[in-house]
Every structure is written in C-alpha cells, then in structure tokens.
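In terms of the numbering used here, the sequence shown is numbered consecutively and its last residue is 282.
Quick reminder that beta carbons are idealized off the backbone N, C-alpha and C, glycines included.
What follows is one structure encoded as structure tokens, with my remarks underneath.
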Amino acid sequence: MQGQPAVVLNKVPEVTLAFWVIKICATTLGETAGDALSMTMQLGYALSSAILFALFAVAVGAQISAKAFNRFLYWAVIVATTTVGTTMADFADRSLGIGYIGGSLILFAILMLTLAAWRYAMGSVSVDHITSPKVEAFYWTTILFSNTLGTALGDFLADDSGLGYTGGAAVFAAALAVLAGLYFWTRISRTLLFWAAFILTRPLGATLGDFLTKPHADGGLHLSRIDSSSVIAICIIACILIFTSDTAGRHPAARSE
Numbered sequence: 026m027q028g029q030p031a032v033v034l035n036k037v038p039e040v041t042l043a044f045w046v047i048k049i050c051a052t053t054l055g056e057t058a059g060d061a062l063s064m065t066m067q068l069g070y071a072l073s074s075a076i077l078f079a080l081f082a083v084a085v086g087a088q089i090s091a092k093a094f095n096r097f098l099y100w101a102v103i104v105a106t107t108t109v110g111t112t113m114a115d116f117a118d119r120s121l122g123i124g125y126i127g128g129s130l131i132l133f134a135i136l137m138l139t140l141a142a143w144r145y146a147m148g149s150v151s152v153d154h155i156t157s158p159k160v161e162a163f164y165w166t167t168i169l170f171s172n173t174l175g176t177a178l179g180d181f182l183a184d185d186s187g188l189g190y191t192g193g194a195a196v197f198a199a200a201l202a203v204l205a206g207l208y209f210w211t212r213i214s215r216t217l218l219f220w221a222a223f224i225l226t227r228p229l230g231a232t233l234g235d236f237l238t239k240p241h242a243d244g245g246l247h248l249s250r251i252d253s254s255s256v257i258a259i260c261i262i263a264c265i266l267i268f269t270s271d272t273a274g275r276h277p278a279a280r281s282e
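Set out below in structure tokens:
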C-alpha cells in the first residue's frame, strides 16, 4: 500500500525471552562440547579449534546463503560459534600462554573493532537490519568474537578471581538482571543493551558448563562432558520446537536506507 514502509525479512529471530533462554543453553553446550572434543577426546585445543572452525564455516556459509530464515540453521550457527569460541579461547589463554586477562583484553579489542567496522560500513549494528549477506557477515563475525571473549571472561572470573563456578555464574546472572532492568525502566539504546547482554550470556554459559563437568575438588559436579552436551542439546531442540517458529524478525524498512 502506497505511503507505508515496506517490510523486509530479517535473517534472525525475534529477540524474546525464549531467545535468551536458548542462547544461554547454547553457550553452556558450547563449553561442554568444546571441552569434550579438546579434553575428553584429547584432541587438544589447536586441532579441536581447526575442526570446529571448519564446521562453523560450513554452517555460517549455509546460513548466509539461505534465502529465508530457518530457526534450526540459525541456532546451529550459534552453537558452532560457542563451541569453537571455547577451544579458540582456551588455545590462546593456555596453549599460547596469553592468560585469561590478556586473552580477554585482546578479544575485547577485536570485538570493538569489528563493531566499529560494521557501524562504519553499514551505518548501524542493530539486529533489526540483518537483511543482506554483507550485514550477516558482520553479524556472525561479531558473534564469533563475542562468544570467544565470553569464554575467556568466564574462565577468568571462575578461576583467577577465586569466585569459583557458582560464584562466577552468579555475578554474570546479576549483571544480566541489571541489563534487563535497564531495558524495562530506562531509554538506553536497545542495540547497546542487546550486545551487552549477548556478550554476558556467554561467560554465564561457560561457568555453568564448567560447573556441570569439572571435578568435585574444583567445585564442579563432575558430570560427563559428552552426556551433559547431549542433554543440553536435547533441551535446546525442545525449546526451539516449542517456543520458536520459522518466522523471522521483521522491521519496517526506512526509505532512507
């Protein structure tokens, strides 16, 4: 109808409570599955990162090439970023000896540069505008680095700070609660709050994943990494089936864009 803005399909889901629940489960799965490959199967961080990055490349290529939003493909790419993010961060922090603080600072700088480049090239980093292959490439690169950063942050708070896994998880959960309050009761940029929450859900998942699988002596439950990953994966699939659909997020396209 003339005079009304066109509606452009967005290649990401609506950001709802279900989105955040699945995201936290996906980040937890990334931690347990990444550790299962590098530690339980003893492939090491470098080889595990190479394998998982190849899987991520295939998944993100399929996502960007897809003509329409597919909820299972989207969340498969999210899980791929959290899994490879786990082994990449562990490789940098432990194998290269950069340490959790050094790794976190480097990854934070890379993440900020990626967001700045996205903002400069496209004019916005809002998830309401993921409607072209170029924007999707920026989107998924940002997510990859945010999930890698989250692993380093989670390990730093749980291990180096002395808070342990439950203490670290409590800190990140509290930070997310603060962001939720800012969302509902202030007018702070929704884009800023989204990316802040997106980054913080990763270390929350990392600490939860470690809590499930680390030895009792280290403050964990010492559950099997493979079994834990399988159960979490089933929960994610159930949540996707019950609480989501293949209807992508939509936004009215401004005529100036």
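Taking a C-beta distance under 8 Å as the contact criterion, L182 and L174 do not qualify as a contact pair.
Apart from sequence neighbours up to five positions away, the residues of its chain that approach V85 with a beta-carbon distance below 6 Å are V102, W165, ordered along the chain. Rounded to the nearest whole angstrom, the C-alpha separation of A114 and L136 is 13 Å. When V109, V196, D235 are compared, the shortest CA-CA separation from A75 is found for V109. Within the same chain, and ignoring the five residues on either side of Q88 in sequence, the residues whose Cβ sits closer than 6 Å to its Cβ are L98, V102.
By the Cβ-count criterion, G234 is buried, with 16 or more other Cβ atoms from all chains shown falling within 10 Å of its own Cβ. When the five nearest sequence neighbours on each side are left out, the beta carbons in the same chain lying within less than 6 Å of the beta carbon of G59 are those of T108, T111, T112, in order along the chain. In this structure, L201 and L229 form a Cβ contact; the two beta carbons are roughly 7 Å apart against a cut-off of 8 Å. For the pair A162 and S186, the Cα-to-Cα distance works out to about 35 Å. Between the beta-carbon of T57 and that of L237 there is about 6 Å, and that keeps the pair under the 8 Å contact cut. In this chain, V150 is not harboured by any alpha helix (DSSP H), its DSSP state being neither H nor E. When rounded, the separation of the alpha-carbon atoms in G148 and K36 is 18 Å. Burial check for T106: the Cβ neighbour count within 10 Å reaches 16 or more, so the residue is buried.
In this structure, V150 places its C-beta atom within 8 Å of the C-beta atom of L140.
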